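Report on the following structure.
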């Protein structure tokens, strides 16, 4: 009798696991997809990016840069940066390839480090040679840093310039101070020098008045720069007020003078605002063909909201939002970054080991969204 009971339990658990693995999700407009696990047992993966040959590179906040080679099931450690300080929300975060990476093998990292009696952030450039980082060069240094609100998303724009998001490091007044690089969207040349056409003379500042921007990408046809940003958390303003913004040169996005849906002359209110908070993180536009209905949709991870957020824009007027949708609600808990793979599938990573959520047994994970055939 006992053997039959144990066997019954094992069959039930196997069936439950199997059904979870084969679960089919359907969007509001009828797109069917499933989710596959790519990697498990990671520690707070933060930024995902694909190399020109399809290899997946990613950072983990404690200081690791890893790569998953095409055809492999286990990642290869490229570097563990000893100078990275993993405290609070800080650590190894942003990752970007030079636009000509296939020729020059240059990659960029942003991370938190210790400076004098406190913390700061910097952007570094390296050459990737024989799966090792060499020829390190400081691109931007001594960006405001703290346990919270570090920004640190980096990405090359269609203009070939490097864009850097910086948080206000919990000193909210610096977001309006053009002499500070905190609470800003920065724009620099590949070597860290200031572009001649930046909106403020001799300054890396491209836009200002932001609190903690976590994701940036450019609309595929219009070239508009979209940004995701965390709103106040109670100690610095009413909860909620998370934002999606269209970022333009020289404009003031209001923090801390305005937030949520507030308006003020000379300041830009958000395209989308979320109260209660969803904690928007890394985001990307979909450009592929595997999911035709996703074309030019903006997807971003939601940490507190525990889902992938889909923003559908008017094809003729990309400043106009047609609708939004929350995918995979509470299925994988906190989601940090969302990117498109070369084959058109959508990769995302969880952030459940960051101390703000109870992790699954095999967290953190990198997963991918694939169509149901």
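Residue numbers (this note's numbering): 1416 to 1788. Beta carbons: idealized from backbone N, C-alpha and C, even for Gly. Please read all numbers here as calculations on a predicted model, not as lab measurements.
Minimum C-alpha distance to residue 1663 - residue among 1713, 1634, 1756, 1711: Sequence index remark: in the chain shown, residue 1663 carries index 248 (1-based). Nearest of 1713, 1634, 1756, 1711 to residue 1663, Cα basis: 1634.
Candidates 1607, 1625, 1626, 1624: closest to residue 1617 by CA position: Here residue 1617 corresponds to residue number 202 of the chain shown, with the count starting at 1. Nearest C-alpha to residue 1617: 1607.
State the Cα-Cα distance for the pair residue 1779 and residue 1467, rounded to the nearest angstrom. As a working note, residue 1779 is residue 364 in the chain shown. As a working note, residue 1467 is residue 52 in the chain shown. Straight through space, the alpha carbons of residue 1467 and residue 1779 are spaced by roughly 25 Å.
Assuming the contact rule is C-beta atoms closer than 8 Å, residue 1463 and residue 1689 should be a hit. Round their C-beta distance to whole Å, please. Numbered from 1 along the chain shown, position 48 holds the residue referred to as residue 1463. Numbered from 1 along the chain shown, position 274 holds the residue referred to as residue 1689. At roughly 23 Å, the Cβ-Cβ gap does not stay under 8 Å, so residue 1463 and residue 1689 are not in contact.
Let me confirm a value: residue 1416 is counted as buried when at least 16 other C-beta atoms fall within 10 Å, else exposed. Which label applies? Here residue 1416 is taken as the residue at index 1 of the chain shown, counted from 1. Its pLDDT being 45, under 50, residue 1416 is placed unreliably by the model, and the measurement read from it follows with that caveat. Residue 1416 comes out exposed.
Beta-carbon proximity list for residue 1554, same chain, < 6 Å, skipping 5 on both sides: Your numbering for residue 1554 matches position 139 in the chain shown. Cβ within range, chain order: 1538, 1540, 1607.
Using only alpha-carbon positions, find the residue among 1692, 1552, 1660, 1769 that is nearest to residue 1684. Start at 1 with the first residue of the chain shown, and residue 1684 comes out as number 269. Closest by alpha carbon: 1660.
Residues that DSSP places opposite residue 1464 in a beta bridge: For the purposes of this step, residue 1464 is taken as the residue at position 49 of the chain shown. In the DSSP output, where bridge partners are listed per residue, residue 1464 has 1472.
Pick from 1535, 1642, 1521: whose alpha carbon is nearest that of residue 1500? Within the chain shown, numbered from 1, the residue matching residue 1500 stands at position 85. Nearest of 1535, 1642, 1521 to residue 1500, Cα basis: 1535.
Going by other Cβ atoms of all chains shown within 10 Å of its Cβ, with 16 needed for buried, is residue 1733 buried or exposed? Position 318 of the chain shown, counted from the first residue, corresponds to residue 1733. Result: buried.
Boundaries (first-last residue) of the beta strand (DSSP E) holding residue 1479: The sequence position of residue 1479 within the chain shown is 64, counting from 1. Counting along the chain, the unbroken beta strand (DSSP E) around residue 1479 starts and ends at 1479 to 1483.
Could you pull out every residue in the same chain whose Cβ sits closer than 6 Å to the Cβ of residue 1614, ignoring the five residues on either side in sequence? Translated into positions along the chain shown, residue 1614 becomes position 199. Hits under 6 Å: 1664, 1665.
Suppose the cutoff is 8 Å on Cβ atoms and the five residues either side in sequence are ignored; what does the same chain contact list for residue 1739 look like? Translated into the one-based positions of the chain shown, residue 1739 becomes position 324. Cβ neighbours of residue 1739 beyond the five flanking positions: 1687, 1724, 1725, 1726, 1727.
What separation, rounded to the nearest whole angstrom, lies between the Cα atoms of residue 1595 and residue 1580? Within the chain shown, residue 1595 is the residue found at index 180, counting from 1. Within the chain shown, residue 1580 is the residue found at index 165, counting from 1. Spanning the two alpha carbons is a distance of roughly 13 Å.
Under DSSP, the alpha helix (DSSP H) around residue 1516 begins and ends at which residues? Here the question's residue 1516 lines up with position 101 in the chain shown. Taken as a continuous stretch (DSSP letters only), the alpha helix (DSSP H) holding residue 1516 covers 1516 to 1519.
How big is the Cα-Cα spacing for residue 1424 and residue 1787? Residue numbering aside, residue 1424 sits at position 9 when the chain shown is read from its first letter. Residue numbering aside, residue 1787 sits at position 372 when the chain shown is read from its first letter. The pLDDT assigned to residue 1424 is 36, lower than 50, so where the model puts this residue is not dependable; a value taken from the coordinates is nonetheless given after this. Distance between the alpha carbons of residue 1424 and residue 1787: 30 Å.
Opposite residue 1539 in the DSSP bridges: which residues? Here residue 1539 refers to the residue found at position 124 when the chain shown is read from its first residue. 1524, 1553, per the DSSP bridge assignment.
Residue 1703 and residue 1752: beta carbons closer than 8 Å? One-based indexing of the chain shown puts residue 1703 at position 288. One-based indexing of the chain shown puts residue 1752 at position 337. Their beta carbons are not under 8 Å apart, which means residue 1703 does not touch residue 1752 by this criterion.
Helix, strand or coil, according to DSSP, for residue 1786 in the structure here? Reading the chain shown from its first residue, position 371 is the one you call residue 1786. Residue 1786: strand per DSSP, three-state reduction.
Do the segment 1507 to 1515 and the segment 1525 to 1532 make contact, defined as three or more Cβ pairs closer than 8 Å? Short answer: they touch.
CA-to-CA distance, residue 1643 to residue 1530, given in whole angstroms: As a working note, residue 1530 is residue 115 in the chain shown. As a working note, residue 1643 is residue 228 in the chain shown. Residue 1530 and residue 1643: Cα-Cα distance of roughly 28 Å.
Residue closest to residue 1388, alpha-carbon to alpha-carbon, out of 1714, 1545, 1612, 1490: Because the chain here runs from 1416 to 1788, residue 1388 falls outside it and cannot be looked at.
Among the residues of its own chain, which have a CB less than 7 Å from the CB of residue 1454, if the five just before and after it don't count? Mapped onto the chain shown, residue 1454 falls at position 39. Within the same chain, residue 1454 has close Cβ partners 1483, 1490, 1780, 1781.
If we ignore side chains and look at the alpha-carbon of each, how far apart do residue 1457 and residue 1679 end up? The sequence position of residue 1457 within the chain shown is 42, counting from 1. The sequence position of residue 1679 within the chain shown is 264, counting from 1. About 44 Å.
Could you tell me how far apart the beta carbons of residue 1449 and residue 1785 are, in whole angstroms, since I believe they sit closer than 8 Å? Counting from 1 along the chain shown, the entry for residue 1449 is found at position 34. Counting from 1 along the chain shown, the entry for residue 1785 is found at position 370. That belief holds up - the Cβ atoms of residue 1449 and residue 1785 are roughly 6 Å apart, short of 8 Å.
Residue 1699: first and last residue of the uninterrupted beta strand (DSSP E) it sits in: By one-based count along the chain shown, residue 1699 stands at place 284. Note, residue 1699: beta strand (DSSP E), 1695 to 1700.
For residue 1566, does the count of other Cβ atoms within 10 angstroms reach 16, so buried, or fall short, so exposed? The count along the chain shown starts at 1 and reaches residue 1566 at position 151. Residue 1566 is buried by the Cβ-count criterion.
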